[in-house]
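Here's the structure we're looking at; comments come further down.
In this note's numbering, the protein residues as written are 1484 to 2010.
Printed below as a string of structure tokens:
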């Protein structure tokens, strides 16, 4: 990929012949199943695609100059991976110098970063814009909305350091939220001390502010890098920045104080730089849940660190209802997993997993794959999702739903990992799907000439346009199919729910059909 400068001062992306642009959704998409309820949580690809297909989650923002941006979500039951698309009528998709990204979600809100268009390297305008996406009301009276936040000016806002707190409900007319970006300023001279700052956006004042914050423990200075940000919530509106090597920094947004509380992680069994690809943490039902994977030593036949009879170990810590501090500052072991001990009793699961060339017991296939990217389920207590590949750099991957109570494979979903770097930059958990119901409608007429989509190797579906070539605003339509980023919808899953902080999954398993896109407005909450 290369970024070239156009004659008008704008930029465009150019891809080598034979490669697929990272903004392009793969053509093979599933058909909708209107009988399925929205998932209570999803695995969400944080990088967006550029596509003008719409559904009832589509929201749009029209700027003062009349330019429009649309955002649409495509939700699937885990272990399939959900994603979002954006569209700017009148602009070709290769106008984006980088992909839009979801920085965080909480409840019915999502915080997005979208590159400013057109790209002009000589402009003093910021390269990115920040938007709040809001799910439509449950009654259908309010449509989904997209609102741009003010420019954070010279404040440091890095994707991986942004947390989010939603202090409202889906059907509230007025709702309050906070976006908080953590920043550590390291000394330029030897002997200086690191200083911590939080750049905070408060929807009540509708402005960004910067405040210096102080840690409550000297151990907090072990904190090095933010791997993940999670919303704990509670009465004090707690947001946690997680260094998966060392510990957690917690800020109470509703207290308006300047204290960061530090909680160390359990002792590490994997002291190497692969942290982001082999560990995960989430806040689930009043608990912090933490999982870490480890692997056998490298051998001459190993092609990556992520190969072999891997192990996974998990801990949990109960939080006080206020969210301000743990009931006990002790991590408790939750479960242990080992690849060779995971049962694959359902023949259909074996059919979905890849065939390997060497003959061996097919039920031991998990020990012969490259595995990483664990993700704690936000709604199925006792379920952990793990991504696996035949080779480390493969673009084809499978996401496994593993029942940690029974140590059994519960479901398998195919995943197009072309945009991933090994097991990095894959997906995250989100509960925004719980608030979504998608109602199928017939497309409203549109002018085909207004569409930018002319790519020959991409299937054309029904599209929506918000602005024609003459600038006239048109009605929003609804497609009858959902995109799926190349997930072939081969999914068989069990069901089961359990409440509280304990492990284990209850409920009888059932087969979920091959079309697992979410449609049909239902009575219907990421980190």
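A virtual CB, placed ideally from N, CA and C, is assigned to each residue, including glycine. None of the values given here were measured: they were computed from a predicted structure.
Rounded to whole angstroms, what's the CA-CA distance from residue 1700 to residue 1685? Just pull it up for me.
27 Å
Span separating the alpha-carbon of residue 1968 from that of residue 1741
Below a pLDDT of 50, predicted positions are generally treated as unreliable, and residue 1968, at 39, falls in that range; no measurement from the model is reported.
At least 3 beta-carbon pairs within less than 8 Å: the segment 1538-1551 vs the segment 1576-1586
no
Quick check: the Cα distance between residue 1791 and residue 1776, rounded to an integer number of angstroms?
Each residue's Cα considered, the two are about 12 Å apart.
What would DSSP say about residue 1907, mapped onto helix, strand or coil?
strand
Residues in its own chain within less than 7 Å of residue 1823 by CB, not counting five upstream and five downstream?
So the qualifying residues of the chain are 1792, 1847, 1850.
Distance, Cα to Cα, residue 1710 vs residue 1759?
6 Å
In terms of alpha-carbon separation, which member of 1730, 1874, 1573, 1857 lies closest to residue 1800?
1730
According to DSSP, which residues form a beta bridge with residue 1552?
1544
Integer-rounded CB distance, given that residue 1600 should sit under 8 Å from residue 1571:
Taking the Cβ atoms as the reference, residue 1571 lies roughly 6 Å from residue 1600, within the contact range of under 8 Å.
How about residue 1804 and residue 1893: do their beta carbons lie closer than 8 Å?
No, they are not a contact pair.
Buried/exposed call for residue 1947, threshold 16 Cβ in 10 Å
Bear in mind that a pLDDT of 49 at residue 1947, under 50, signals an unreliable position, so the number given afterwards is only what the model happens to contain. By the neighbour-count criterion, in which 16 or more other beta carbons inside 10 Å mark a residue as buried, residue 1947 falls on the buried side.
Which runs of the beta strand (DSSP E) spanning at least 3 residues fall entirely within the segment 1811-1889, listed in chain order?
Along the segment 1811-1889, the beta strand (DSSP E) occurs as fully enclosed runs of 3 or more residues at 1815-1821, 1853-1859, 1866-1872, 1879-1886, listed in sequence order.
Could you tell me if residue 1623 is buried or exposed, where buried requires 16 or more neighbouring beta carbons within 10 angstroms of its beta carbon?
exposed
Could you name the residues of the same chain whose beta carbon sits closer than 7 Å to that of residue 1736, not counting the 5 residues immediately before and after it, in chain order?
1648, 1661, 1663, 1720, 1722
Range of the contiguous alpha helix (DSSP H) that encloses residue 1628:
Element bounds for residue 1628: not the alpha helix (DSSP H) but the beta strand (DSSP E), 1628-1631.
Is it the case that the segment 1879-1893 contacts the segment 1859-1866, given that we only count it when at least three CB pairs across the two stretches are under 8 Å?
yes
Just how far apart, CA to CA, sit residue 1521 and residue 1542?
18 Å
What did DSSP end up calling residue 1508 once you bin it into helix, strand or coil?
In this structure, residue 1508 counts as coil in the three-state DSSP scheme.
Residue from 1688, 1794, 1692, 1519 whose Cα sits closest to the Cα of residue 1780:
1794
Using the C-alpha atoms, what's the distance from residue 1506 back to residue 1597?
CA-CA distance, residue 1597 to residue 1506, rounds to 13 Å.
Considering only residues of the same chain and omitting the five flanking positions on each side of residue 1697, which have a CB-CB separation below 8 Å?
1679, 1741, 1742, 1743
Note the first and the last residue of the continuous alpha helix (DSSP H) segment covering residue 1758.
1758-1761
Would you mind sorting residue 1857 into buried or exposed? The rule is 16 or more other CB atoms within 10 Å of its CB.
buried
Does DSSP classify residue 1685 as helix, strand or coil?
strand
How should residue 1674 be labelled, buried or exposed, when 16 other C-beta atoms within 10 angstroms of its C-beta is the threshold for buried?
exposed
Return the bridge partner residues of residue 1711 from the DSSP annotation.
1725
Just to confirm the assignment: which complete beta strand (DSSP E) runs, minimum length 3, are found wholly within the segment 1559-1612?
Fully enclosed beta strand (DSSP E) runs of 3 or longer: 1564-1570, 1584-1589, 1592-1598.
Measure from the alpha carbon of residue 1919 to the alpha carbon of each residue in 1544, 1589, 1816, then state which is nearest.
Of the candidates 1544, 1589, 1816, the one whose C-alpha sits nearest the C-alpha of residue 1919 is 1589.
Quick one: grab the DSSP three-state call for residue 1615.
strand
For a test of the three-state rule: what should DSSP assign to residue 1704, helix, strand or coil?
The answer is helix: DSSP assigns residue 1704 an H, G or I state.
Is residue 1900 helix, strand or coil when you go by DSSP?
The DSSP-derived three-state label of residue 1900 is coil.
Could you name the residues of the same chain whose beta carbon sits closer than 6 Å to that of residue 1619, not counting the 5 residues immediately before and after it, in chain order?
1625, 1626, 1627
Whether residue 1773 touches residue 1798 by CB criterion (8 Å):
yes
Local conformation of residue 1740 per DSSP, three classes
coil
DSSP bridge partner residues for residue 1557 (one or two, in chain order)
1566
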